[in-house]
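First comes the structure, then the notes that go with it.
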Amino acid sequence: MSHADTVIVLDFETTGLSPQQGDRAIEIGAVKLENGIITDRFQQLMNPGFRVTSFIEQYTGISNEMLSQAPSCKTVMADFSDFIGNSSLVAHNASFDQRFLIAELNRLHRPFNTSFACSMLIARRVFPEAANHQLGTLVAHTNIEHDGVFHRALADAEMTAQLWLKLLQKLQQQWPALTVSFELMQQLQQQPKGALDRFIKRQLAT
DNA sequence: TGCCAGGCCCTCTTTAGGGCCTT
């Protein structure tokens with residue numbers, strides 16, 4: 001079974017929803033998937049330089065006290081940039097994490113030219129029957145084992161990685177002859193919803 | 001830092017509005 005190449009699955013905790021509005025990353029978590037197995041991990045809190053709201057403290061469990069002792073975003077993101085290298089990236093609702101990754105790397109004057117795939121967009125197509133497509137719901141829907149920790153970066157990255165494997169597994173089981181590459185997943189997430197069968201059959205015909 | 005997003009997706013659509021996802 002193909003595991004769609006080596007990918008790094010990542011998740012940010014942040015001070016809010018929009019880097020364009022001044023929000024910053026406060027934690028990055030990531031796992032490297034090679035041949036369907038987690039072979040490396042990255043997790044680090046980072047100090048955004050201002051206090052986070054009580055909403056963020058409660059939502060993530062990350063307190064201002066914890067962040068006051070963490071290294072700066074600049075230090076952590078430089079290390080993380082080295083960790084991801086040129087790997088293909090996956091995140092749940094990837095547009096969110098991609099915006100923060102680009103914003104933080106821009107502050108370091110580091111170019112970003114890595115491709116992203118989105119487990120949420122793909123799950124909407126592969127698991128249309130799920131009640132909704134929040135990460136926690138999909139983890140339950142696909143019977144992924146977890147330790148009950150949500151909204152922390154490494155925990156969410158680990159669960160997203162397991163969800164990614166479930167997506168690959170479902171596609172491979174349904175279409176055994178299909179070569180499930182990262183590029184195929186990127187194309188799949190852009191197909192009109194409900195047109196998955198047609199897209200796969202077109203792939204198999206080439 | 002506090003001006004609070006942005007892209008996808010559906011539908012009672014396309015001369016638009018609102019829910020879903022992420023923190």
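Take the first sequence: its position 26, counting from 1, is numbered 26 in UniProt numbering, and each next residue is one higher. Ideal Cβ positions, reconstructed from N, Cα and C, are used throughout, including at glycine. Keep in mind it's a predicted model, so treat the numbers as computed, not measured.
Counting only residues of its own chain and dropping the five nearest sequence neighbours on each side, F199 has a CB closer than 8 Å to the CB of Q187, L188 and Q191. The alpha-carbon of E27 is positioned some 41 Å away from that of R202. Contact between D23 and K32 does not hold, since the beta-carbon distance rounds to 26 Å and is not under 8 Å. Restricting attention to R152, I144, L171 and L184, the CA atom closest to the CA of A117 is found in L184. Taking the Cα of A195 as reference, the smallest distance to any Cα among P128, T206, V180 and T142 is reached at P128.
For K201, the uninterrupted alpha helix (DSSP H) segment begins and ends at L196 to A205. The residue among R125, Q174, D97 and N93 with its C-alpha nearest the C-alpha of Q134 is N93. For the beta strand (DSSP E) assignment, the uninterrupted runs of no fewer than 3 residues enclosed by the stretch 103-133 are, from N- to C-terminal side, 116-118. Distances from the alpha-carbon of V9 to those of D97, A123 and T137 put D97 closest.
Its Cα nearest to that of D197, the residue Q174 stands out among T206, E65, T179 and Q174. By the C-beta criterion, the stretch 36-53 is judged to be in contact with the stretch 149-164, since at least 3 inter-stretch pairs fall below 8 Å.
Rounded to the nearest angstrom, the Cβ distance from T142 to L163 is 6 Å, consistent with a contact under 8 Å. Look at S54 here: in three-state DSSP terms it is helix. K193 sits in coil when the DSSP states are folded into three classes, being neither helix nor strand.
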